[in-house]
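Report on the following structure.
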Amino acid sequence: MAAVGLFALLTLAAGCLLGTDAPRRWHELSTTVQTGHGISGTGPVETADDVGIAEVPLLLELLGAALDAGLAIPWALELVAGVSTVQIRAGLSHVVAGLQIGASWEHSWEGVRHIDEVGQLHAALSFAALTGAPAAPLLYAEAGQRRRQAQRESEKRAAALGVKLVVPLGLCSLPAFICLGVVPVVVAMVPTF
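Heads up: the sequence shown is residues 1 to 193, going by UniProt numbering.
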């Protein structure tokens with residue numbers, strides 16, 4: 001039960017950081033879980049300004065926390081769908097609906113793997129779901145790996161930016177150097193008549 005509380009706090013914190021209505025969603029999700037009814041189709045009406053989590057590493061960590069709390073994969077996917085963006089939520093709801101009616105793992109994910117984030121969640125969860133291995137440690141490791149990879153890519157882009165800025169900065173500073181450094185020296189060397 002303490003793990004469910006921890007997941008609730010993580011969800012609320014993620015929602016607060018992203019400015020979403022996560023507290024309202026968490027309340028609806030927790031009451032639905034307590035009553036035992038499915039969430040698919042009973043969620044709140046979506047608005048145009050609905051925002052949610054779209055970062056795959058954060059979604060993986062939230063999913064891992066839900067699985068650490070003892071939830072089954074469909075329930076964990078349903079909870080994570082509640083705090084994700086509209087497109088991811090629709091894809092995960094499709095997957096959950098398929099799993100709840102007894103469809104196979106691969107058939108449940110058909111038609112939504114083209115959504116980039118959902119496809120990445122599928123890739124991260126497939127090994128654990130098909131083999132029965134504990135999924136949470138795999139999800140945490142995958143999230144850490146994705147964060148390290150994103151940091152390496154941003155460092156590469158920053159290094160390349162320094163090389164690309166040499167010519168524009170040189171072209172901007174060369175006229176100033178000529179006007180402030182060379183011209184006064186030449187003017188001082190010209191004899192006055």
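Virtual Cβ for every residue (Gly too), placed ideally from N, Cα, C.
So, at 8 Å on beta carbons, what are the nonlocal neighbours of Asp49 in its own chain, with the 5 sequence-adjacent residues on each side left out? Reliability fails at Asp49, whose pLDDT of 48 lies under 50, so the model's placement of it is uncertain and no value is given.
Tell me, which residues are paired with Ser84 by DSSP? Partner residues in the beta bridge of Ser84, as assigned by DSSP, are Ile53.
Take Ile178 and list the residues in its own chain whose beta-carbon comes closer than 6 Å to its own, dropping the five residues that flank it on each side. Closer than 6 Å at Cβ, skipping near neighbours: no residue.
Can you look up Val185 in the DSSP assignment and give me helix, strand or coil? Helix.
Just to confirm my understanding: we take Leu99, look at its own chain, exclude 5 residues before and 5 after, and list those with CB closer than 6 Å. What are they? Excluding positions up to five away in sequence, the list reads Pro74, Ser108.
Report yes if the CB atom of Gly64 is closer than 8 Å to the CB atom of Ala136, and no otherwise. Going by C-beta atoms, Gly64 is nearer than 8 Å to Ala136.
Where do the ends of the alpha helix (DSSP H) carrying Thr131 lie? Segment 116 to 131, the alpha helix (DSSP H) holding Thr131.
Taking only three categories from DSSP, how would you classify Pro134? DSSP places Pro134 outside both helix and strand once states are collapsed to three, so it counts as coil.
Just tell me which of Leu92, Ile88, Ala123 has its CA closest to the CA of Leu77. The residue from Leu92, Ile88, Ala123 with its alpha-carbon nearest to that of Leu77 is Leu92.
Under a three-way DSSP split, which group does Leu29 fall into? The predicted model places Leu29 with a pLDDT of 47, which falls under 50 and marks its position as unreliable; any figure quoted below should be read in that light. In the three-state DSSP reduction, Leu29 falls in the helix class (H, G or I).
Roughly how many angstroms lie between the CA atoms of Leu139 and His122, to the nearest whole one? The C-alpha of His122 is placed about 11 Å away from the C-alpha of Leu139.
Taking the C-alpha atoms as reference points, what is the distance between residue 199 and Val167? An answer regarding residue 199 cannot be provided, because it is not within the stretch 1 to 193 covered by the chain.
Relative to the alpha-carbon of Ala66, which residue among Arg148, Leu79, Gly102 has its alpha-carbon at the smallest distance? Ranking Arg148, Leu79, Gly102 by Cα distance to Ala66 puts Leu79 first.
Give every residue of the same chain whose Cβ lies closer than 7 Å to the Cβ of Gln87, excluding the five residues on either side of it in the sequence, and list them in chain order. Taken in chain order, the residues that qualify are Ile115.
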